[in-house]
Structure formats: C-alpha cells, structure tokens
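S.K.: The structure is given below, and queries will be raised subsequently.
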Amino acid sequence: MAKAASPARPVLPSVDRLLRHASVEGLSSVHGRPLVTDAVREVLDTARWALKDDKGAAPGEEELLRRIEVRVADVLRPSLVPVFNLTGTVLHTNLGRAALPQEALDAVIAVSGGASNLEYDLDTGRRGDRDDHIEEVICRLTGAEAATVVNNNAAAVLLVLNTLAMRKEVPVSRGQLIEIGGAFRIPDIMKRAGCKLCEVGTTNRTHLKDFEAAIGPSTALLMAVHTSNYEVQGFTAEVPEDKLADLAHRHDLPCVVDLGSGTLIDLEAFGLPHEPTPAEAIASGADLVTFSGDKLLGGPQAGIIVGRKDLVAKVRKNPLKRALRLDKMTIAALATVFRLYLDPDRLTERMPALRSLTRSPDEIRALAERLQPRLADAVGDGFTVCIDDCHSQIGSGALPVDLLPSAALTVRPDTGRRGAGRALKRLATAFRQLPQPVIGRIQNDAFSLDLRCLEDEAAFVDQLRHLSVK
Ligand SMILES: *Cc1c(COP(=O)(O)O)cnc(C)c1O
113 MAKAASPARP VLPSVDRLLR HASVEGLSSV HGRPLVTDAV REVLDTARWA LKDDKGAAPG
173 EEELLRRIEV RVADVLRPSL VPVFNLTGTV LHTNLGRAAL PQEALDAVIA VSGGASNLEY
233 DLDTGRRGDR DDHIEEVICR LTGAEAATVV NNNAAAVLLV LNTLAMRKEV PVSRGQLIEI
293 GGAFRIPDIM KRAGCKLCEV GTTNRTHLKD FEAAIGPSTA LLMAVHTSNY EVQGFTAEVP
353 EDKLADLAHR HDLPCVVDLG SGTLIDLEAF GLPHEPTPAE AIASGADLVT FSGDKLLGGP
413 QAGIIVGRKD LVAKVRKNPL KRALRLDKMT IAALATVFRL YLDPDRLTER MPALRSLTRS
473 PDEIRALAER LQPRLADAVG DGFTVCIDDC HSQIGSGALP VDLLPSAALT VRPDTGRRGA
533 GRALKRLATA FRQLPQPVIG RIQNDAFSLD LRCLEDEAAF VDQLRHLSVK
C-alpha cells in the first residue's frame with residue numbers, strides 16, 4: 113500500500129498512523145474498525161489522486177482527520193428518510209404514497225422484532241397460511257368469497273393473468289390499454305404473464321359487440337381496467353362492467369376487473385368524487401378484482417385480489433405467488449388498516465391519507481396564515497412569501513380530473529422574472545437540504561408549498577432556522 117505513494121515524497125501519513133490517532137480510534141470504538149479503516153483508506157486514496165493531478169500541497173493531518181469523520185458520517189447516513197410532502201399531490205408515488213396510521217405502525221413493530229405466527233395455526237399447532245391473517249376482514253369489507261394479497265397491484269394483475277390466461281387470449285378494450293406511472297403498461301404485463309392481448313374496439317369507443325366478436329376458443333377471460341389516471345372525454349363509450357360480466361358468464365369465462373386505486377368506502381360521503389369500490393365491482397359480476405394497498409386504501413404497498421373462491425384458490429397455487437408474497441411487516445400493517453375500515457365513522461381521524469384528502473380549505477388556510485411570517489423570516493431578504501389558493505391532487509393515478517381546493521405558501525424572488533429561474537432552483541434546493549427535506553413545486557414563477565399534507569406544524573417551523581438559501 114505504502115508503495116502507491118512515491119517513496120521519495122512521503123507527503124501523506126500511512127493508514128496505520130491515522131488509525132492510531134486518538135480521534136480515529138474514537139470513531140472506531142463507536143462505529144467499528146472495518147468501516148473506519150475503509151474510510152481512512154478512501155480518504156488517503158482520494159488525496160493521493162489529487163496529488164498525482166498536482167493539485168497543490170498535500171492536506172495536513174487535521175484536514176485528513178476531518179475528511180475521515182465526514183466520510184464515516186456519509187456512509188452511515190440513511191438514504192431513505194422522511195420528508196415533508198408539500199407538492200400538493202397527496203398520494204405521491206415518488207414520495208411513498210399513503211402515510212400509514214399509527215395503529216398500523218404499532219402492528220408492524222409488534223410482530224417484527226421477534227417470532228410471530230406468520231404461517232402457524234395457533235389453534236391446531238400446525239402450519240398455517242399467511243393469508244389467514246387478512247382474508248376474513250377483506251371478505252367482510254368487500255363482500256368477496258375469498259381474498260389473497262401480493263406485493264403490489266402490478267403483481268396482482270400479473271399473477272391473475274398468468275394463473276388464468278397463460279398461452280390464451282385476453283380481449284381488452286383499446287380505451288383501457290393504459291400505462292401507469294413507473295412503467296406499468298397493461299400490454300407489457302400481459303406479455304410477461306404469458307398471455308395474448310386481443311385489442312377490442314377503438315381508443316374512444318368500445319361496444320359489447322366488439323367483445324362478443326373477439327371471443328373465441330382460446331379466450332381465457334374478459335378483462336376491464338379502470339382507467340384511473342386519465343379520462344376519455346367527448347364521443348366515448350365503454351362497456352359497463354355488469355354487461356361485460358354477463359357476456360363473460362354466457363361464454364363460461366371469468367370476468368376480471370383491475371380497479372387500480374380501490375377504495376372501500378363511498379368517498380362521496382367525505383365530499384370527494386366517487387371512485388368504484390371492490391364491493392361494487394363484485395356486485396356487478398366481476399369474478400376477480402385487483403386493487404392497490406397504498407393508493408386510496410391508505411395502507412402499505414400491496415396488491416389485493418378478491419373474488420370467487422375457486423379462482424382465488426387457483427391463484428394461490430401458482431408458483432409465482434410464492435415469488436410475489438408479502439412480508440410479515442406488510443401483512444401486519446395491511447390487516448390493521450383493513451380492520452380500521454370496520455369503523456367508518458372514525459376513519460378520517462385515524463387514516464392519515466383520508467385525513468389529508470378531506471382536510472378543509474379553511475383549516476389549510478389558517479395553517480398558512482400561521483406559517484407565513486415564519487417562512488418569510490426564514491427565507492430572508494430578496495423573497496416575498498404569499499398565501500395563494502391552489503388545488504391539490506389525489507395522486508397515484510386516482511381521479512386525475514378532480515382537484516381539491518387548498519392553500520399554498522408561495523415564495524417569489526424579488527428579482528422579477530429575470531434570474532427568477534435560478535433563484536427558484538436555489539430555493540428548492542435549500543428546502544431539500546433541511547434536516548427533514550421539504551419537497552415543494554416550482555410553478556408560475558414561484559416556489560409553492562401546498563400545506564394540505566402538513567401535519568407536524570411544530571417540526572416544520574422548528575427546522576426553518578436551518579434554512580440557508582445560497
Ligand atoms: C396503480 C395501478 C396499477 C398498479 O398498482 P401498483 O400497486 O402501483 O403496483 C395497476 N392498475 C391500475 C388501473 C392502477 O391504477
């Protein structure tokens with residue numbers, strides 16, 4: 113190692129010498145020797161390369177010690193951290209979608225630190241099934257005969273198609289061949305599931321007779337995809353699900369509905385637009401329904417498959433189910449979230465996602481009024497902080513055309529439009545660099561913080577003193 117540096121110019125201390133330094137020994141005793149030794153080597157390597165490039169004098173020992181400390185801290189700093197989602201999109205896929213209720217977090221902690229009866233039947237002492245912890249409550253809430261759960265809704269769709277339609281044809285309306293953010297495309301999933309997509313109808317209009325004409329000897333099932341993230345307007349027609357189910361049953365085929373953002377409750381009761389529920393899909397004749405755990409349901413990432421007992425049993429037997437199964441942490445959280453739905457009256461109080469979605473514009477505005485002077489103080493001279501009306505989105509592909517009235521704190525550079533772009537980027541960066549990063553949006557020549565999802569006002573205010581707009 114020592115050979116790497118020129119023996120004629122021993123400008124940098126050796127690894128051993130640095131490791132024996134009191135401050136480095138201190139680091140080792142706290143963080144362990146391997147990590148600190150690596151950090152020492154990396155810091156020396158970097159310094160050696162800089163010297164080779166002839167970038168001035170070698171750093172002194174003080175400086176090297178400082179770099180070692182920074183390096184160790186960098187390696188240990190978690191990459192995945194909590195942030196404030198002030199983007200105005202409540203169920204933001206890039207920001208982790210639904211915030212879990214406290215009850216679900218408690219359940220995760222309770223079963224994760226030790227052994228649990230994950231696949232063990234406490235009554236008989238025999239092997240159990242992880243679905244046992246969750247199937248009954250899902251069936252109670254959806255009216256389905258049976259239910260199973262997998263890693264996410266994309267997995268649910270993949271698994272259902274692979275189980276029921278491998279090497280067979282699946283007719284789907286051209287108007288429903290959707291792409292969901294993050295590269296989930298129905299045609300691609302079909303291919304990977306081993307089935308042949310049979311496009312039916314046109315982009316804007318599909319009729320029952322189109323489906324009828326597409327049904328042949330190798331048709332496996334009929335499928336409807338809830339086009340949750342866009343809306344076709346104007347001269348349009350889709351086949352209603354009950355008609356599609358009827359047609360499927362007349363041909364002895366199952367009808368599968370991918371709901372996407374399934375909600376268990378009537379959102380209209382909370383002043384939100386209607387979104388179809390699994391119970392409605394089943395009532396209109398669907399044999400299997402799939403939906404996400406972390407969209408409107410407000411739970412952890414998961415895919416839920418509900419419907420006919422014989423079909424769910426087939427899905428469970430598919431070897432892919434083993435590859436897509438849920439971990440105990442997710443099962444604990446998901447089962448808890450479903451149980452909270454048994455008491456609909458307390459949902460908005462207990463479920464953070466629903467609480468954010470139903471928060472009143474007046475309450476959000478009052479929050480904005482309290483925060484405005486604090487924020488103005490924190491950003492300092494050169495910026496103006498206002499309270500603007502805005503609209504939040506539900507997000508995660510749900511109900512994209514329905515916007516929720518909200519209030520935002522908007523920060524505008526006093527420079528006028530010239531140079532505003534750079535000032536706004538600096539502002540956004542400064543907010544991202546806070547101890548708990550604040551994620552806003554740049555729009556209309558302003559940095560905008562929609563306060564709909566801000567729950568911990570005190571924590572937000574407290575860290576503003578760290579804000580440094582350079
Ligand atoms: C969101 C969505 C999916 C994918 O669900 P994930 O849980 O994100 O995997 C599939 N289909 C539809 C219609 C969706 O809206």
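All you need for the working numbering is the position in the sequence shown, starting with 1, plus 112. No residue lacks a Cβ here, since even glycine has one placed at the ideal position from N, Cα and C.
For Leu177 versus Val152, is the C-beta distance shorter than 7 angstroms?
M.R.: If you number the sequence shown from 1, residue 177 lands on position 65. If you number the sequence shown from 1, residue 152 lands on position 40. Not closer than 7 angstroms, so no.
S.K.: Return yes when the C-beta of Gly411 is under 6 angstroms from any heavy atom of ligand 2, and no when it is not.
M.R.: Here the bound small molecules are ligand 1; ligand 2 is not part of this structure.
S.K.: Measuring straight from C-alpha to C-alpha, what distance separates Arg279 and Leu365?
M.R.: Locating residue 279 in the sequence shown gives position 167, counting from the first residue. Locating residue 365 in the sequence shown gives position 253, counting from the first residue. Cα to Cα, Arg279 sits roughly 15 angstroms from Leu365.
S.K.: Could you tell me whether the segment 190–208 touches the segment 452–462, where touching means 3 or more Cβ pairs closer than 8 angstroms?
M.R.: no
S.K.: How would you call Phe347, buried or exposed, if buried means at least 16 neighbouring beta carbons within 10 angstroms?
M.R.: Taking the sequence shown and counting its residues from 1, one reaches residue 347 at position 235. Classification for Phe347: exposed.
S.K.: Measuring only from the beta carbon, is Ile292 closer than 6 angstroms to any heavy atom that is part of ligand 1?
M.R.: Position 180 of the sequence shown, counting from 1, holds the residue named residue 292. Indeed, a heavy atom of ligand 1 lies less than 6 angstroms from the Cβ.
S.K.: For the segment 380–398 against the segment 463–477, are there 3 or more C-beta pairs whose distance is under 8 angstroms?
M.R.: yes
S.K.: Between the C-alpha atoms of Leu188 and Val142, what's the straight-line distance to the nearest angstrom?
M.R.: Here residue 188 corresponds to residue number 76 of the sequence shown, with the count starting at 1. Here residue 142 corresponds to residue number 30 of the sequence shown, with the count starting at 1. The straight-line gap from Cα to Cα measures roughly 12 angstroms.
S.K.: So within the segment 429–463, which uninterrupted alpha helix (DSSP H) runs reach at least 4 residues, ignoring any that extend past its ends?
M.R.: 431–435, 440–452 and 459–462
S.K.: Within 10 angstroms of its Cβ, does Lys115 collect 16 or more other Cβ (buried), or is it exposed?
M.R.: Position 3 of the sequence shown, counted from the start, is the residue given in the question as residue 115. The predicted position of Lys115 is uncertain, since its pLDDT is 49 and thus under 50; no value can be drawn from it.
S.K.: His245: which of Leu487, Ala444, Thr470 and Asp406 sits nearest, CA to CA?
M.R.: Position 133 of the sequence shown, counted from the first residue, corresponds to residue 245. Of the candidates Leu487, Ala444, Thr470 and Asp406, the one whose C-alpha sits nearest the C-alpha of His245 is Ala444.
S.K.: Taking only the alpha-carbon atoms, compute the straight-line gap between Gln288 and Cys310 and give it to the nearest angstrom.
M.R.: By one-based count along the sequence shown, residue 288 stands at place 176. By one-based count along the sequence shown, residue 310 stands at place 198. Roughly 12 angstroms between the two C-alpha positions.
S.K.: Comparing alpha-carbon positions, which option in Val497, Gly172, Arg129 and Leu276 lies nearest Leu400?
M.R.: Locating residue 400 in the sequence shown gives position 288, where the first residue counts as 1. Comparing Cα positions, the closest option is Leu276.
S.K.: Can you give me the C-alpha to C-alpha distance between Val351 and Val249, rounded to a whole angstrom?
M.R.: Position 239 of the sequence shown, counted from the first residue, corresponds to residue 351. Position 137 of the sequence shown, counted from the first residue, corresponds to residue 249. The straight-line gap from Cα to Cα measures roughly 31 angstroms.
S.K.: Just verifying my parser: in three-state terms, what is the DSSP assignment at Gln555?
M.R.: The residue labelled residue 555 in the question sits at position 443 within the sequence shown. The answer is strand: DSSP assigns Gln555 an E or B state.
S.K.: Rounded to a whole number of angstroms, what is the C-alpha to C-alpha distance between Val184 and Asp150?
M.R.: Here residue 184 is taken as the residue at index 72 of the sequence shown, counted from 1. Here residue 150 is taken as the residue at index 38 of the sequence shown, counted from 1. Approximately 9 angstroms between the Cα atoms of the pair.
S.K.: Let me make sure I understand the geometry here. Which of Val220, Pro146 and Ala268 has the alpha-carbon closest to that of Asn430?
M.R.: Working through the sequence shown from its first residue, we reach residue 430 at position 318. Per the Cα distances, Ala268.
S.K.: Strictly under 7 angstroms for the Cβ-Cβ distance: is Asp406 near chain D by that measure?
M.R.: Considering every chain present, this structure includes no chain D. It has just one protein chain.
S.K.: Drop a sphere of 10 angstroms on the beta-carbon of Thr236, count the other beta-carbons inside from all chains shown, and report buried for 16 or more, exposed for fewer.
M.R.: Working through the sequence shown from its first residue, we reach residue 236 at position 124. The residue is exposed, with fewer than 16 neighbouring Cβ atoms inside 10 Å.
S.K.: For Asp128, which residues of its own chain have a beta-carbon under 7 angstroms away from its beta-carbon, when the five flanking residues on both sides are left out?
M.R.: In the sequence shown, the residue the question calls residue 128 occupies position 16. Counting only Cβ-Cβ distances below 7 angstroms, and skipping sequence neighbours, we find nothing.
S.K.: Does DSSP classify Ala227 as helix, strand or coil?
M.R.: Stepping through the sequence shown from its first residue, residue 227 is reached at position 115. Three-state DSSP puts Ala227 in coil, outside helix and strand.
S.K.: Cβ-heavy atom distance between Ala305 and ligand 1 below 6 angstroms?
M.R.: Here residue 305 corresponds to residue number 193 of the sequence shown, with the count starting at 1. Not so, every heavy atom of ligand 1 lies at least 6 angstroms from the Cβ.
S.K.: Would DSSP call Phe347 helix, strand or coil?
M.R.: Here residue 347 refers to the residue found at position 235 of the sequence shown. In the three-state reduction of the DSSP assignment, Phe347 falls in the coil class.
S.K.: At the level of alpha carbons, what is the spacing between Lys433 and Ala414?
M.R.: Taking the first residue of the sequence shown as 1, we reach residue 433 at position 321. Taking the first residue of the sequence shown as 1, we reach residue 414 at position 302. Our two residues, Lys433 and Ala414, have alpha carbons roughly 13 angstroms apart in a direct line.
S.K.: State the Cα-Cα distance for the pair His319 and Ile377, rounded to the nearest angstrom.
M.R.: For the purposes of this step, residue 319 is taken as the residue at position 207 of the sequence shown. For the purposes of this step, residue 377 is taken as the residue at position 265 of the sequence shown. So the alpha carbons of these two residues sit roughly 29 angstroms apart.
S.K.: Counting beta carbon pairs with one atom in the segment 523–533 and one in the segment 549–564, are three or more of them shorter than 8 angstroms?
M.R.: yes
S.K.: What residue from Ala211, Leu271 and Val136 has the CA that sits closest to Leu423's CA?
M.R.: On the sequence shown, position 311 is the one that residue 423 refers to. Among Ala211, Leu271 and Val136, the Cα nearest to that of Leu423 is on Leu271.
S.K.: From Asn229, Arg544 and Arg564, pick the residue whose C-alpha is nearest to that of Leu579; which is it?
M.R.: For the purposes of this step, residue 579 is taken as residue 467 along the sequence shown, with counting starting at 1. Selected option, being the one with the closest Cα: Arg544.
S.K.: Could you check where the beta strand (DSSP E) with Glu281 kicks off and where it finishes?
M.R.: Locating residue 281 in the sequence shown gives position 169, counting from the first residue. For Glu281, the uninterrupted beta strand (DSSP E) segment begins and ends at Glu281 to Ser285.
S.K.: Extract the residue ranges of the beta strand (DSSP E) inside the segment 342–403, only unbroken runs of 3 or more that lie entirely within it.
M.R.: 367–372
S.K.: Rounding to the nearest angstrom, what Cα-Cα distance links Asp322 and Pro473 in this structure?
M.R.: The residue given as residue 322 occupies position 210 in the sequence shown. The residue given as residue 473 occupies position 361 in the sequence shown. When rounded, the distance between both Cα atoms is 45 angstroms.
S.K.: Distance check for Arg179 and Lys164, CA to CA, integer angstroms please.
M.R.: Along the sequence shown, read from residue 1 onward, the residue named residue 164 stands at position 52. Along the sequence shown, read from residue 1 onward, the residue named residue 179 stands at position 67. If I take the Cα positions, the gap works out to 19 angstroms.
S.K.: Smallest Cα separation from Gln484: which of Arg286, Glu569 and Leu438?
M.R.: In the sequence shown, counting from the first residue as 1, residue 484 sits at position 372. That would be Glu569, whose Cα lies nearest to the Cα of Gln484.
S.K.: Grab me the residues of Pro213's own chain with a C-beta within less than 7 angstroms of its C-beta, minus the 5 sequence neighbours each way, in chain order.
M.R.: Position 101 of the sequence shown holds residue 213. Within the same chain, Pro213 has close Cβ partners Val449, Leu452, Arg462, Met463 and Pro464.
S.K.: Could you check the C-alpha separation between Ser118 and Val262 for me, to the nearest Å?
M.R.: Numbered from 1 along the sequence shown, position 6 holds the residue referred to as residue 118. Numbered from 1 along the sequence shown, position 150 holds the residue referred to as residue 262. Residue confidence for Ser118 is low, a pLDDT of 49 falling below 50, so the modelled location carries little weight; the figure read from the coordinates is stated next. Taking the straight line joining both Cα atoms gives about 58 angstroms.
S.K.: Given 6 angstroms as the limit, tell me if Asp241 has its C-beta closer than that to any heavy atom belonging to ligand 1.
M.R.: In the sequence shown, the residue the question calls residue 241 occupies position 129. No, since every heavy atom of ligand 1 falls outside the 6 angstroms radius drawn around the Cβ of Asp241.
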